[in-house]
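Take 33 as the starting number for the sequence shown in the numbering used here and just add one per residue.
Every residue gets a Cβ at the ideal spot worked out from N, C-alpha and C, and that includes glycine.
Here is the structure we will look at, set down as structure tokens.
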Amino acid sequence: MLALEIGELLLQLSRGMLAEREGDRLTSAQWLALRFFSRANVFSRTLWGLAAYQATTRGTASQTIKALEHRGYLRREKSPYDGRSSILTATEKAQKRLAEDPLASIFNDIDHLSDQKQELLRDILRRLVGQLGGETRRQAVGSCRDCIFLLIRRLKAEGNNVHVNFFCKCIGLPVKECDLGLLCTSFQAKAEVLAVAEDELERGR
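Dropping the structure here:
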């Protein structure tokens with residue numbers, strides 16, 4: 033059964049990606065967290081954000097964060113959006129460590145696929161992630177660019193110029209254009225994106 037073979041390959045790939053590397057000073061969970069904090073937007077770089085991203089408890093996420101802070105990979109700041117939480121940012125030391133990412137070769141192989149194939153692979157995987165967890169479905173993380181909550185406003189400026197700004201309807205705050213490609217834990221894919229993935233999965237049946 034081809035579907036079973038594909039599922040087994042995905043499982044084998046995920047296990048290989050999460051395997052501990054001999055001599056590596058970071059665990060797979062710490063690597064996952066480090067990648068997340070280097071790629072997530074300011075609204076998601078929290079303890080809750082990491083817990084949601086890793087589909088784990090806040091206690092487990094807290095232990096991972098403390099280990100990375102202790103090693104100088106994360107910097108903690110008070111959140112200007114929520115006085116009860118902190119924003120965590122990857123330090124310069126973390127960025128240098130990420131240059132030695134053990135999964136860099138896999139990411140490079142994916143990057144060599146055409147844009148169309150990359151987008152199709154991403155959308156199908158998003159839909160599959162959304163099927164995990166039974167009744168408590170997991171939400172695949174994505175960026176603002178193809179999220180249903182992104183509101184694009186085009187306002188007339190002086191002369192014939194048009195000023196464009198971006199607003200998140202989920203959190204009720206503006207979004208910087210430079211942050212549109214960052215990961216967000218409030219992400220929900222647009223209906224047309226999900227439809228493409230659905231069509232491709234149906235064709236494979």
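| query | result |
| --- | --- |
| Who are the near neighbours of Ala-99 in its chain, counting only those whose CB is closer than 7 Å to its CB and skipping five residues on each side? | Gln-62 |
| Can you find the residues in the same chain that come closer than 6 Å, C-beta to C-beta, to Phe-181, ignoring five residues on each side of it along the sequence? | Cys-200, Lys-201, Cys-202 |
| Within a Cβ cutoff of 6 Å, which residues of the same chain sit near Arg-77, ignoring the five residues on either side of it in sequence? | Phe-69, Ile-119, Leu-120 |
| Quick one: grab the DSSP three-state call for Val-161. | helix |
| For Thr-123, tell me which candidate among Gly-204, Cys-216, Ala-83, Arg-107 has the shortest Cα-Cα distance. | Arg-107 |
| What does a CB cutoff of less than 8 Å around Leu-215 pick up in its chain, not counting 5 residues either side in sequence? | Phe-68, Arg-71, Ala-72, Asn-73, Ser-76, Tyr-85, Val-173, Gly-174, Ser-175 |
| Can you tell which of Val-196, Lys-222, Leu-45, His-102 has the C-alpha that lies nearest to the C-alpha of Arg-158? | Lys-222 |
| Do Ala-65 and Ile-97 count as a contact pair if the criterion is CB distance below 8 Å? | yes |
| Which parts of the region 70-123 are runs of the beta strand (DSSP E), unbroken and 3 residues or longer, counting only runs that do not cross its ends? | 106-110, 118-122 |
| Buried or exposed, going by whether 16 or more other CB atoms sit within 10 Å of the CB of Leu-164? | exposed |
| Would you call the CB atoms of Pro-134 and Asp-211 closer than 8 Å? | no |
| Is Gly-213 buried or exposed, if buried means 16 or more other CB atoms sit within 10 Å of its CB? | exposed |
| Classify Asn-197 as helix, strand or coil using the three-state DSSP reduction. | strand |
| Measuring straight from C-alpha to C-alpha, what distance separates Thr-217 and Leu-36? | 30 Å |
| Which of helix, strand or coil does DSSP assign to Gly-48? | helix |
| Helix, strand or coil: how does DSSP classify Arg-185 here? | strand |
| On the DSSP letters alone, give me the boundaries of the beta strand (DSSP E) that Pro-206 sits inside. | 205-207 |
| Do you know offhand how far Glu-40's Cα is from Val-161's? | 15 Å |
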